[in-house]
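Trainee: Numbering (mature numbering (1 follows the signal peptide of the UniProt record, and there is no 0)), first residue to last: -20 to -1, 1 to 479. Here's a structure for you.
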């Protein structure tokens, strides 16, 4: 009944709990206006910001702009003071490069990312080792062999199932390396090689020990194996050298038309060099401390990075996601205005601008894995990602998709609908509001959901300029950004003041 009374108060516009008789929540929501949003978007998506790619000068400029906006409006850093370091969560990323390496026999030398595919897990490797060839036989057939200081080479007729087979071998024999070859489908190896080259040159990873960055304990054994162990596809030409067999014989063994009478050993020298670049980057955050439950938090977030430059092409990223970041800044100012008028939320509000989203949600992953506050104290995340454009499913722009309202905390949907009925009366679209929808995991709220923290993503859908150089500030509907930001403010205020 208390909740019903709250929504009735909303419907007639009376002051809510936490507000004086002179102010209502809507008064402060309306502090958020399209004029200021437009200014923020234009700065963040200007040519000066160079597309805000993670680790670049443009990203640093954007981070400093956000920091200055937070500090100048009177927000404190994470430790409740205004020292500049308290507004930044700095960390390192590895910008992956193709690793050099070789496998050398007595007569031939084979090169990484040409004849075989190996990615260093943490450190460079150099070792002399014997390769034991087991054909396409079960590893259990070789129980008399101690593989601990050896490499295993097996054949397969299905390249993509080979990793599952390698996992099985690891569990039963724990060799130092596993090599495999599919002599039936050598084109698959070549396609895989080319794909890996292309993808690796674009990848960033958190630069920290594997066990800290991947939460292996919560993953499957296969996932753990793939992340920790060296499982190396090799070309058929290389397999011929290591086994002394012809292509026809390799195919017969792979197809189990011919069985291996005995194992063969081939000594090799194996080198693999980790040569990734270390990139420094930072999340930006600021705090409004709660009056009654200061150690509980509502997190309002966006990512501020984008795609940067590719040759002469500059990706401005106005909608993705200068729009969401501009909204977070103005929501923060509205909360501070309430505080300045003697009205403080009961729970603390943490405003976070994430870096590294376009590289794989890396900023939010780092934030969650190294949270400046206990994770159990984060009650909800409201994440804003792309607010100012329209997709082809809508004829008018006065809508926003909400994702996450029916997952982890089903009350979020009813709350969102009730608040929106009062203001700003948007069309709330729940088409993608299912946990298994790919879009639900496509922005930073996914990092919170992974830890069981309820989250809502506010999102305008995809459009033709998404991830192109045509995503510019002049195409944004700033009024719609204003309305979404006002709804997020109202939602955050209600969440912060719930008993």
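All C-beta atoms in this analysis are idealised placements derived from N, C-alpha and C, irrespective of residue type, glycine included.
Which residues does DSSP pair with residue 251 in a beta bridge?
Mentor: Your numbering for residue 251 matches position 271 in the chain shown. According to DSSP, residue 251 bridges with 82 and 106.
Trainee: Could you give the DSSP three-state label for residue 46: helix, strand or coil?
Mentor: Numbered from its first residue, the chain shown carries residue 46 at position 66. The answer is helix: DSSP assigns residue 46 an H, G or I state.
Trainee: In or out: residue 154 buried (at least 16 other Cβ within 10 Å) or exposed?
Mentor: What you label residue 154 is simply residue 174 of the chain shown in a count that begins at 1. Classification for residue 154: exposed.
Trainee: So, under 8 Å CB-CB, residue 107 and residue 250 are touching, yes? Tell me the CB distance rounded to an integer number of Å.
Mentor: Position 127 of the chain shown, counted from the start, is the residue given in the question as residue 107. Position 270 of the chain shown, counted from the start, is the residue given in the question as residue 250. Contact flag correct, Cβ pair sits at about 6 Å.
Trainee: Write down the C-beta distance between residue 440 and residue 327 rounded to the nearest angstrom, noting that I regard them as a contact closer than 8 Å.
Mentor: By 1-based counting over the chain shown, the position of residue 440 is 460. By 1-based counting over the chain shown, the position of residue 327 is 347. Not really, about 28 Å apart at Cβ, beyond 8 Å.
Trainee: Under 8 Å, do residue 149 and residue 132 count as touching if we go by C-beta distance?
Mentor: Numbered from its first residue, the chain shown carries residue 149 at position 169. Numbered from its first residue, the chain shown carries residue 132 at position 152. The answer is yes: Cβ separation under 8 Å.
Trainee: What is the DSSP secondary structure of residue 261, counted as helix, strand or coil?
Mentor: As a position in the chain shown, residue 261 is number 281, starting the count at 1. In the structure shown, residue 261 sits in a strand (DSSP, three-state: E or B).
Trainee: May I have a chain-ordered list of the beta strand (DSSP E) segments no shorter than 3 residues that lie completely inside the region 251 to 321?
Mentor: Listed in chain order, the complete beta strand (DSSP E) runs (minimum 3 residues) inside the region 251 to 321 are 257 to 268, 273 to 283, 288 to 290 and 293 to 295.
Trainee: Do residue 496 and residue 345 have their CB atoms nearer than 8 Å?
Mentor: The requested residue 496 does not occur in the structure, where the chain is confined to residues -20 to 479.
Trainee: In chain order, what residues of the same chain have a beta carbon less than 6 Å from the beta carbon of residue 193, not counting five sequence neighbours either side?
Mentor: As a first step, residue 193 must be located in the chain shown, where it is residue number 213. With a pLDDT of 33 at residue 193, under the threshold of 50, the modelled position of this residue cannot be trusted; read the value that follows with caution. 186.
Trainee: Measure from the alpha carbon of residue 416 to the alpha carbon of each residue in 407, 405, 471 and 429, then state which is nearest.
Mentor: To locate residue 416, count along the chain shown from 1; it is residue 436. Nearest option by C-alpha distance: 429.
Trainee: Is residue 213 helix, strand or coil by DSSP?
Mentor: Within the chain shown, the letter at position 233 stands for residue 213. Here residue 213 sits in strand by DSSP.
Trainee: Do residue 383 and residue 419 come within 8 Å of each other at the CB atom, strictly closer than that value?
Mentor: Here residue 419 refers to the residue found at position 439 when the chain shown is read from its first residue. Here residue 383 refers to the residue found at position 403 when the chain shown is read from its first residue. Yes, they are a contact pair.
Trainee: Apart from the five residues on each side of it in sequence, which residues of its chain come closer than 6 Å, Cβ to Cβ, to residue 457?
Mentor: Position 477 of the chain shown holds residue 457. Hits under 6 Å: 368 and 377.
Trainee: On the DSSP letters alone, give me the boundaries of the beta strand (DSSP E) that residue 68 sits inside.
Mentor: Taking the first residue of the chain shown as 1, we reach residue 68 at position 88. Unbroken beta strand (DSSP E) run through residue 68: 68 to 75.
Trainee: If we ignore side chains and look at the alpha-carbon of each, how far apart do residue 68 and residue 412 end up?
Mentor: Numbered from its first residue, the chain shown carries residue 68 at position 88. Numbered from its first residue, the chain shown carries residue 412 at position 432. Approximately 33 Å between the Cα atoms of the pair.
Trainee: In whole angstroms, what is the alpha-carbon distance linking residue 268 and residue 329?
Mentor: Position 288 of the chain shown, counted from the first residue, corresponds to residue 268. Position 349 of the chain shown, counted from the first residue, corresponds to residue 329. Straight-line Cα distance between these residues: approximately 5 Å.
Trainee: Output the distance between the C-alpha atoms of residue 78 and residue 342, rounded to the nearest integer angstrom.
Mentor: Along the chain shown, one-based indexing puts residue 78 at 98. Along the chain shown, one-based indexing puts residue 342 at 362. Cα to Cα, the separation comes out at about 20 Å.
Trainee: Looking at the secondary structure, which residues open and close the beta strand (DSSP E) in which residue 134 lies?
Mentor: Within the chain shown, the letter at position 154 stands for residue 134. That run of the beta strand (DSSP E) goes 130 to 135.
Trainee: If you check the beta carbons only, do residue 30 and residue 287 fall under 8 Å apart?
Mentor: Taking the first residue of the chain shown as 1, we reach residue 30 at position 50. Taking the first residue of the chain shown as 1, we reach residue 287 at position 307. Their beta carbons are not under 8 Å apart, which means residue 30 does not touch residue 287 by this criterion.
Trainee: Between which two residues does the beta strand (DSSP E) holding residue 89 run?
Mentor: One-based indexing of the chain shown puts residue 89 at position 109. 89 to 91 is the extent of the beta strand (DSSP E) around residue 89.
Trainee: On a CA-only basis, which of 424, 300 and 9 is nearest residue 22? Give me that one, please.
Mentor: Stepping through the chain shown from its first residue, residue 22 is reached at position 42. It is 300.
Trainee: Just the C-alpha distance for residue 9 and residue 448, rounded to the nearest angstrom, thanks.
Mentor: For the purposes of this step, residue 9 is taken as the residue at position 29 of the chain shown. For the purposes of this step, residue 448 is taken as the residue at position 468 of the chain shown. Going by the C-alpha atoms only, they are around 32 Å apart.
Trainee: Would residue 219 and residue 50 qualify as a contact pair, given that the criterion is a beta-carbon distance under 8 Å?
Mentor: By one-based count along the chain shown, residue 219 stands at place 239. By one-based count along the chain shown, residue 50 stands at place 70. No, they are not a contact pair.
Trainee: Whose C-alpha, out of 296, 160, 180 and 113, is nearest the C-alpha of residue 96?
Mentor: In the chain shown, the residue the question calls residue 96 occupies position 116. Of the listed residues, the one whose Cα sits closest to residue 96 is 160.
Trainee: For residue 359, name the three-state secondary structure that DSSP assigns.
Mentor: Residue mapping note: residue 359 aligns to position 379 of the chain shown, counting from 1. Strand.
Trainee: Is it the case that the Cβ atoms of residue 305 and residue 24 are separated by a distance below 8 Å?
Mentor: For the purposes of this step, residue 305 is taken as residue 325 along the chain shown, with counting starting at 1. For the purposes of this step, residue 24 is taken as residue 44 along the chain shown, with counting starting at 1. Contact: yes.
Trainee: Please state the DSSP three-state secondary structure of residue 379.
Mentor: What you label residue 379 is simply residue 399 of the chain shown in a count that begins at 1. Of the three classes helix, strand and coil, the one that applies to residue 379 here is strand, per DSSP.
Trainee: DSSP state of residue 333, grouped into three classes?
Mentor: Within the chain shown, the letter at position 353 stands for residue 333. Residue state, collapsed to three classes: strand.
Trainee: Is it buried or exposed, residue 63, if we count other Cβ atoms within 10 angstroms and call 16 or more buried?
Mentor: Here the question's residue 63 lines up with position 83 in the chain shown. Residue 63 should be labelled exposed.
Trainee: Taking residue 426 as part of the alpha helix (DSSP H), name the residues at either end of that continuous run.
Mentor: The residue you call residue 426 lines up with position 446 of the chain shown. Start and end: 425 to 429.
Trainee: Using 10 angstroms around the beta-carbon of residue 147, count the other beta-carbons present and answer buried if the total reaches 16, otherwise exposed.
Mentor: On the chain shown, residue 147 is found 167 positions in, with the first residue counted as 1. Flag for residue 147 reads buried.
Trainee: Between 157, 302 and 435, which has its C-alpha nearest residue 247's C-alpha?
Mentor: The sequence position of residue 247 within the chain shown is 267, counting from 1. Per the Cα distances, 157.
Trainee: Does residue 453 pass the burial test, meaning 16 or more other C-beta atoms within 10 Å, or should it be called exposed?
Mentor: For the purposes of this step, residue 453 is taken as the residue at position 473 of the chain shown. Looking at its Cβ environment, which holds 16 or more other Cβ atoms inside 10 Å, residue 453 is buried.
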